[in-house]
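Colleague: I am attaching a structure below and will ask some questions about it afterwards.
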Amino acid sequence: MPTKNTRMSTTGKKATKKTRVGKRSARSKKLSKSMRMFVAVIIALAALYYIWQSYGDNIANSADSTNSIGADFPDAPGKTEAPVAPTPPPAGSASLPGDSEAGAIRIYSFNIQIFGASKMKKPKVVDVLVDIISHVDVVAIQEVRSTNDEPVQQFMRLLPVRYDYVLGPREGRTASKEQYWVIYNTEKLSVVDSATYDDSADRFQRSPLAVYFQTKDRFDFILIDNHIQPSDAEKEIAALPEVIRYFQRMWNESDALVMGDFNADGSYYNENNLASVFPDSDYQIVITNEYDTTVAESDNTYDRFIITASSKEDFTGNFGVVYYDALYDFSSLGIEPKEVSDHFPVWAEFYIDRDTD
Ligand SMILES: [Ca+2]
Ligand SMILES: [Ca+2]
Ligand SMILES: [Ca+2]
Numbered sequence: 000m001p002t003k004n005t006r007m008s009t010t011g012k013k014a015t016k017k018t019r020v021g022k023r024s025a026r027s028k029k030l031s032k033s034m035r036m037f038v039a040v041i042i043a044l045a046a047l048y049y050i051w052q053s054y055g056d057n058i059a060n061s062a063d064s065t066n067s068i069g070a071d072f073p074d075a076p077g078k079t080e081a082p083v084a085p086t087p088p089p090a091g092s093a094s095l096p097g098d099s100e101a102g103a104i105r106i107y108s109f110n111i112q113i114f115g116a117s118k119m120k121k122p123k124v125v126d127v128l129v130d131i132i133s134h135v136d137v138v139a140i141q142e143v144r145s146t147n148d149e150p151v152q153q154f155m156r157l158l159p160v161r162y163d164y165v166l167g168p169r170e171g172r173t174a175s176k177e178q179y180w181v182i183y184n185t186e187k188l189s190v191v192d193s194a195t196y197d198d199s200a201d202r203f204q205r206s207p208l209a210v211y212f213q214t215k216d217r218f219d220f221i222l223i224d225n226h227i228q229p230s231d232a233e234k235e236i237a238a239l240p241e242v243i244r245y246f247q248r249m250w251n252e253s254d255a256l257v258m259g260d261f262n263a264d265g266s267y268y269n270e271n272n273l274a275s276v277f278p279d280s281d282y283q284i285v286i287t288n289e290y291d292t293t294v295a296e297s298d299n300t301y302d303r304f305i306i307t308a309s310s311k312e313d314f315t316g317n318f319g320v321v322y323y324d325a326l327y328d329f330s331s332l333g334i335e336p337k338e339v340s341d342h343f344p345v346w347a348e349f350y351i352d353r354d355t356d
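First residue of the sequence shown? That's 0 in numbering that gives the first Met the number 0, and the numbers climb one at a time after it.
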């Protein structure tokens, strides 16, 4: 956290002033009276100017504070706990998780719940989303629901220019379609290729989207974004290892990071089965069963981040859940955390210089 203690202590000497006392003539008295009048007028003008200036500053400050809702992101490993206390929005930019470790990137997954024109019409919700995403190196988003790309393009225009994105096709068996949306920092990574899983057997409600990334250093990897259908979680999750192998073959790359809203908990899925689909010998489940990824009171690990064995050398061991309900002062924003989403983002961090495959 940036220290705000910029106030300097003023110690030391008081300037000593000596007044010369002497005789004054009538003329000099008269002069000094008009001098005093002149000084008084100057002081009054200066006071007026000062009041006017500080009024202007206040206006400017209040305008600033509505724009900068910058949360103080955790720059230490996130782990289970939310940051200790809700912090009031600082004036400048928050500490960037992506910059906390030199030579590393942080990758997030976020179900932003029905993203489209209606969400874009809630400016405070958009402010929070823009602030969260302005801190990431990569974010795999689920649940873009819009018949056109305008909300996505509108949102991208609000992000710093360093961000670009990959938007998947509209997926879904019914009229309700969803798109996967992967936003990334072009100063840290580039897209080699991207593709949707060829789901000719119709295993998935929304066929996973993969993006093959190259960082500025050695680390290259496949990101696989998915939103598992709750009612079909058992079957869809069981099919994910085949999806991983499909993309590994496609790009001859073994590092695969699989993330998204797996709906892998609660009434949809027995979370204890996940370890048999993704055994320790071949995978590491980064977001394990004890993490709560839902904004609601319920305690469920719907959102997951799983990596292949070859990516373990690249994983820094830092990961977490972004409990944004504690990062922003929602009452002063006049919105509720659940208006942002019903999910919290999950993330994991990777070295960019250790990759051997
Ligand atoms: Ca690699
Ligand atoms: Ca919860
Ligand atoms: Ca690797």
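Ideal placement from N, C-alpha and C gives every residue a C-beta, glycine not left out.
Keep in mind the model is a prediction, meaning the values are calculated, not measured.
Answer yes or no: the CB of Thr315 versus the heavy atoms of ligand 3, is any distance below 8 Å?
Modeller: No, Cβ of Thr315 sits at least 8 Å from all heavy atoms of ligand 3.
Colleague: Can you list, in chain order, the residues of its chain whose CB lies under 8 Å from that of His342, leaving out five sequence neighbours each side?
Modeller: Phe109, Asn110, Ile111, Gln112, Asp260, Thr292, Thr293, Val294, Tyr301 and Asp302, listed in sequence order.
Colleague: Can you give me the Cβ contacts of Tyr164 inside the same chain, cut-off strictly under 8 Å, excluding the 5 residues immediately before and after it?
Modeller: Closer than 8 Å at the Cβ level, and outside the excluded window around Tyr164, lie Val151, Met155, Trp180, Val181, Ile182 and Tyr183.
Colleague: Can Asp291 be considered in contact with ligand 2, in the sense that its beta carbon sits closer than 8 Å to one or more heavy atoms?
Modeller: Yes, since a heavy atom of ligand 2 falls inside the 8 Å radius drawn around the Cβ of Asp291.
Colleague: Anyone know if the C-beta pair for Phe349 and Ala103 falls short of 9 Å?
Modeller: The answer is yes: Cβ separation under 9 Å.
Colleague: Below 8 Å, is the gap between the Cβ of Val339 and the nearest heavy atom of ligand 2?
Modeller: No, ligand 2 has no heavy atom inside 8 Å of this Cβ.
Colleague: To the nearest angstrom, how far is the alpha carbon of Phe114 from that of Leu326?
Modeller: About 21 Å.
Colleague: Taking just the CA atoms, how far does Ile334 sit from Tyr54?
Modeller: With a pLDDT of 49 at Tyr54, under the threshold of 50, the modelled position of that residue is not reliable, and the figure given next carries that caveat. Looking at the two C-alpha atoms, the distance is approximately 28 Å.
Colleague: What are the partner residues of His134, as DSSP defines its beta bridges?
Modeller: Answer is none; His134 lacks a bridge partner.
Colleague: Could you tell me the alpha carbon to alpha carbon distance between Glu252 and Lys121, rounded to whole angstroms?
Modeller: If I take the Cα positions, the gap works out to 41 Å.
Colleague: Below 8 Å CB to CB, which residues in the same chain sit around Leu212 once its five sequence neighbours on both sides are set aside?
Modeller: In the sequence on display, residue 212 carries Phe and not Leu. Counting only Cβ-Cβ distances below 8 Å, and skipping sequence neighbours, we find Val137, Tyr183, Leu188, Ser189, Val190, Val191, Asp219, Phe220, Ile221 and Leu222.
Colleague: Less than 9 Å separating the beta-carbons of Val257 and Asn225?
Modeller: For Val257 and Asn225, yes; Cβs fall inside 9 Å.
Colleague: Identify whether Tyr164 lies in helix, strand or coil by the three-state DSSP scheme.
Modeller: Reduced to three states, the DSSP call for Tyr164 is strand.
Colleague: Go to Val276, then tell me how far its alpha helix (DSSP H) extends in each direction, as first and last residue.
Modeller: Val276 -> alpha helix (DSSP H) spans Leu273 to Val276.
Colleague: Hey, quick one: how far does the beta strand (DSSP E) through Glu252 stretch, first residue to last?
Modeller: Element bounds for Glu252: n/a, residue is neither H nor E.
Colleague: Cβ-heavy atom distance between Ser297 and ligand 2 below 8 Å?
Modeller: Yes, Cβ of Ser297 sits closer than 8 Å to a heavy atom of ligand 2.
Colleague: Using DSSP's beta-bridge definition, name the partner residues of Met258.
Modeller: For Met258, which the question treats as bridged, DSSP gives the partners Asp224 and Phe304.
Colleague: Just checking my contact of Ile351 with Lys215 at CB under 8 Å: how many whole Å lie between their CB atoms?
Modeller: With 8 Å as the limit, Ile351 and Lys215 qualify as a contact, their Cβ atoms being about 7 Å apart.
Colleague: Candidates Asn262, Val210 and Ala174: which alpha carbon is nearest Ala139's?
Modeller: Of the listed residues, the one whose Cα sits closest to Ala139 is Val210.
Colleague: Round the Cβ separation of Phe203 and Ala238 to the nearest angstrom and send it over; I've been treating them as touching at under 8 Å.
Modeller: Going by Cβ atoms, the distance from Phe203 to Ala238 rounds to 7 Å, so yes, they are a contact pair.
Colleague: Based on DSSP bridge pairs, tell me the residues matched to Leu208.
Modeller: Leu208 is bridged to Thr195 and Asp224.
Colleague: Put Ala116 into one of helix, strand or coil per three-state DSSP.
Modeller: Ala116: helix per DSSP, three-state reduction.
Colleague: Got a sec: does ligand 1 put a non-hydrogen atom nearer than 8 Å to the Cβ of Phe220?
Modeller: Flag set: Cβ of Phe220 near ligand 1.
Colleague: With distances taken from CA atoms, which of Arg217, Trp250 and Ser275 is nearest Arg353?
Modeller: Measuring from the Cα of Arg353, the nearest candidate turns out to be Arg217.
Colleague: Thinking just about the alpha-carbon of each residue, which of Ile132, Arg248, Met249 and Pro207 is nearest to the one in Ile236?
Modeller: It is Pro207.
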